[in-house]
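Visitor: There's a structure below that I have some questions on.
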Amino acid sequence: MPEHVVIIGSGPAGWAAAIYASRANLSPLVFEGAETEENRIAGTLPLGQLNLTTEVENYPGFPAGHLHQFLRSALPKDRLDTYLEPLHEHEHAVTGPELMNLMRQQATNFGTKIVTDDVVDVDLSRRPFVLRTLGGETVETHTIIVATGARANYLGLPSEERFKNRGVSACAVCDGALPRFRNKPLVVVGGGDSAVEEATYLTKYASQVHMLMRRDVFRASKIMQDRATSNPKINIHYFRELDEVLGDDKAGVTGIRIRNNQDNSTEELPASGLFLAIGHTPNTAFLKGQVELNDKGYIKFTTLMRTYTSVEGVFAAGDVADDYYRQAITSAGTGCMAALDAERYLAAKGL
Ligand SMILES: Cc1cc2nc3c(=O)[nH]c(=O)nc-3n(C[C@H](O)[C@H](O)[C@H](O)COP(=O)(O)OP(=O)(O)OC[C@H]3O[C@@H](n4cnc5c(N)ncnc54)[C@H](O)[C@@H]3O)c2cc1C
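Written out as structure tokens, the structure is:
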């Protein structure tokens, strides 16, 4: 028997879709991703991008508090022991891994089926649709919700990896307000619109924001360039590339070494944060040629305020179809919409 709903992906969009679909008695099957070395390096292990971060201060419903007891009562012991760091007794905001395990558990409580594997191939030209996994399993389904997210691009320096979550970030809106960045010099790498947006946002908290630009021209639009050059808190370094993130285990990031790509000279700048704004890569490689994607590889929605894609019965949710908002709450919101769209599609088809 084909599945009614298969959800591919395990971030907030996937789990929100699963909670709605399971409460609608559709017994959704979630492919949460495979626990492979490739996925670890790419940052696409199960539970998505939030699982890679520390405290999440902007997800509604989770003010800082003593979450310890609640987590113990909501999560089974094996998930607590395997997936979460020792629980903190002190007051804190929910962490990314805590929040993602709670979402997964909430979906499980209503009968969601979960397979820890990647979907590597889909055939959307026939009905029911056919999916194939990395492990070689084949599954048929009447509807699919694609919630495979995106991954932030990094430069690939070992020092950048070492200080992730301790000063290195790829999301100013997510992390900019954290205490470690307040009234401190910060650095943004990138010269496009989103780099200027991130830099401008960070000026609310930072004492100064350095922008590193590989050339002497912005890729950003004129209006965004003007915003950067006219902001007294933004200091633009042209022809400069990041050579090394400096810091230590206790303090995290304390500065950066930059290289002048014209004469190869280097200099060090004190900084307590480094924000990468060099784009994201949506996880859509397995969909090429099957679903319409935009020029950046994101899934295209075909109807305003609906999660429909170019293939009837295939819905998209979260960052995989959104290169603009990229937040946990917006992903969960579209995950809910996709489940409701799938439910109505199935009802209309009598499936
Ligand atoms: C360091 C960091 C900190 C952040 N902090 C915040 C914050 O504080 N607040 C906030 O709102 N947002 C934050 N964000 C952004 C937020 O994490 C994302 O917007 C959100 O996670 C997107 O959710 P999603 O469900 O679309 O997919 P993702 O979270 O991207 O998850 C998708 C997952 O699906 C799985 N998957 C991918 N391909 C396949 C496949 N082929 N088969 C099976 N499974 C697959 C993988 O496990 C992948 O990770 C942060 C992001 C980062 C990187």
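Counting from 12, one number per residue, gives the positions in the sequence shown under my numbering. Virtual Cβ for every residue (Gly too), placed ideally from N, Cα, C.
(1) If you run the structure through DSSP and keep just helix, strand and coil, what is residue 142?
(2) Ligand 1 heavy atoms versus the CB of residue 156: any closer than 8 Å?
(3) With a threshold of 8 Å, establish whether the CB of residue 143 neighbours any heavy atom of ligand 1.
(4) Quick one: which unbroken beta strand (DSSP E) runs of 3-plus residues sit fully inside the segment 137-184? Chain order, please.
(5) Can you check whether the CB of residue 36 is closer than 9 Å to the CB of residue 122?
(6) Using the beta-carbon count (16 or more within 10 Å), is residue 12 buried or exposed?
(7) Going by CA-CA distance only, name the one from 352, 344 and 304 that's closest to residue 324.
(8) Helix, strand or coil for residue 132 per DSSP?
(9) Between the segment 18-36 and the segment 327-346, do three or more beta carbon pairs fall short of 8 Å?
(10) Applying the 10 Å Cβ sphere with the 16-neighbour rule, what's the burial state of residue 234?
(11) Could you tell me which uninterrupted beta strand (DSSP E) segments, each at least 3 residues in length, are contained entirely in the segment 268-300, listed from first to last along the chain?
(12) Beta carbon of residue 282, beta carbon of residue 28: below 9 Å?
(13) Suppose only complete runs of 3+ residues qualify. What are the beta strand (DSSP E) ranges in the segment 206-254, listed by chain order?
(14) Are residue 143 and residue 133 close, meaning C-beta to C-beta below 9 Å?
(15) Would you call the segment 238-249 and the segment 199-212 touching, i.e. three or more CB-CB distances under 8 Å?
(16) From 125, 81, 17 and 131, pick the residue whose C-alpha is nearest to that of residue 50; which is it?
(17) Could you check if residue 305 belongs to the surroundings of ligand 1, using beta carbon to heavy atom distance under 8 Å?
(18) If you reduce the DSSP assignment to three classes, tell me which class residue 79 lands in.
(19) Tell me the rounded alpha-carbon separation between residue 107 and residue 96.
(20) Does the contact criterion of 3 or more C-beta pairs under 8 Å hold for the segment 333-350 versus the segment 61-79?
(21) Within 8 Å: the Cβ of residue 43 and any heavy atom of ligand 1?
(22) Using three-state DSSP, classify residue 331 as helix, strand or coil.
(23) State buried or exposed for residue 335, treating a residue as buried only when at least 16 other CB atoms are found within 10 Å of its CB.
(24) For residue 102 versus residue 76, is the C-beta spacing smaller than 9 Å?
(25) Grouping DSSP H, G and I as helix and E and B as strand, with all else coil, what is residue 260?
(26) Using the C-alpha atoms, what's the distance from residue 293 back to residue 151?
(27) Tell me whether residue 316 is buried or exposed, calling it buried when 16 or more other Cβ atoms sit within 10 Å of its Cβ.
(28) For residue 326, is the beta carbon positioned less than 8 Å from some heavy atom of ligand 1?
(29) Count the other C-beta atoms from every protein chain shown that fall within 10 angstroms of the C-beta of residue 291, then say buried if there are 16 or more, exposed otherwise.
(30) In angstroms, rounded to a whole number, what distance separates the CA positions of residue 279 and residue 268?
(31) Using DSSP with H/G/I as helix, E/B as strand and the rest coil, what is residue 360?
(32) So, at 8 Å on beta carbons, what are the nonlocal neighbours of residue 116 in its own chain, with the 5 sequence-adjacent residues on each side left out?
(33) Would you mind sorting residue 299 into buried or exposed? The rule is 16 or more other CB atoms within 10 Å of its CB.
(34) Within its chain, find whatever has a CB closer than 8 Å to the CB of residue 214; leave out the 5 residues flanking it on each side and keep chain order.
(35) Between the C-alpha atoms of residue 225 and residue 266, what's the straight-line distance to the nearest angstrom?
Guide: The structure says:
(1) Three-state DSSP puts residue 142 in a strand.
(2) When distances are taken from the beta-carbon of residue 156 to the heavy atoms of ligand 1, even the shortest one reaches 8 Å or more.
(3) Because no heavy atom of ligand 1 lies under 8 Å away, the Cβ of residue 143 does not count as near it: no.
(4) With a minimum length of 3 residues, the continuous beta strand (DSSP E) runs that stay inside the segment 137-184 are 140-144, 149-157 and 161-163.
(5) Yes; because the gap between Cβ atoms is below 9 Å, this pair is in contact.
(6) Around the beta carbon of residue 12, a 10 Å sphere encloses fewer than 16 other beta carbons of the protein chains shown; the residue is thus reported as exposed.
(7) Answer by Cα proximity: 352.
(8) Looking at residue 132 - three-state DSSP - the assignment turns out to be strand.
(9) Contact holds: three or more Cβ-Cβ distances are below 8 Å.
(10) Burial call: exposed.
(11) 277-281, 284-287 and 291-293, all fully within the segment 268-300.
(12) For residue 282 and residue 28, no; Cβs fall outside 9 Å.
(13) Scanning the segment 206-254 for uninterrupted beta strand (DSSP E) segments of 3 residues or longer gives 219-223 and 245-248, listed from N- to C-terminal end.
(14) In this structure, residue 133 lies closer than 9 Å to residue 143 by Cβ.
(15) The count of Cβ pairs closer than 8 Å, one atom from the segment 238-249 and one from the segment 199-212, reaches three, so the stretches are in contact.
(16) Of the candidates 125, 81, 17 and 131, the one whose C-alpha sits nearest the C-alpha of residue 50 is 131.
(17) No, Cβ of residue 305 sits at least 8 Å from all heavy atoms of ligand 1.
(18) Helix at residue 79.
(19) Those two C-alpha atoms are separated by around 11 Å.
(20) Yes, since at least three Cβ pairs between the segment 333-350 and the segment 61-79 fall closer than 8 Å, the two stretches touch.
(21) Yes, Cβ of residue 43 sits closer than 8 Å to a heavy atom of ligand 1.
(22) Residue 331 sits in a helix when the DSSP states are folded into three classes.
(23) Residue 335 counts as exposed, since fewer than 16 other C-beta atoms from the protein chains shown sit within 10 angstroms of its C-beta.
(24) In this structure, residue 76 lies closer than 9 Å to residue 102 by Cβ.
(25) In the three-state reduction of the DSSP assignment, residue 260 falls in the coil class.
(26) Approximately 24 Å, taken between the alpha carbons.
(27) By the 10 Å Cβ count, residue 316 comes out exposed.
(28) Relative to ligand 1, the beta carbon of residue 326 is positioned no closer than 8 Å to any heavy atom.
(29) When all chains shown are included, residue 291 counts as buried.
(30) In a straight line, the C-alpha of residue 279 is about 4 Å away from that of residue 268.
(31) Helix at residue 360.
(32) Excluding its 5 nearest sequence neighbours in each direction, residue 116 has C-beta neighbours in its own chain below 8 Å: 85, 86, 87 and 90, listed in chain order.
(33) Exposed, by the Cβ-count rule.
(34) Excluding residues within five positions, the ones whose Cβ falls inside 8 Å are 220, 242, 244 and 245.
(35) Going by the C-alpha atoms only, they are around 19 Å apart.
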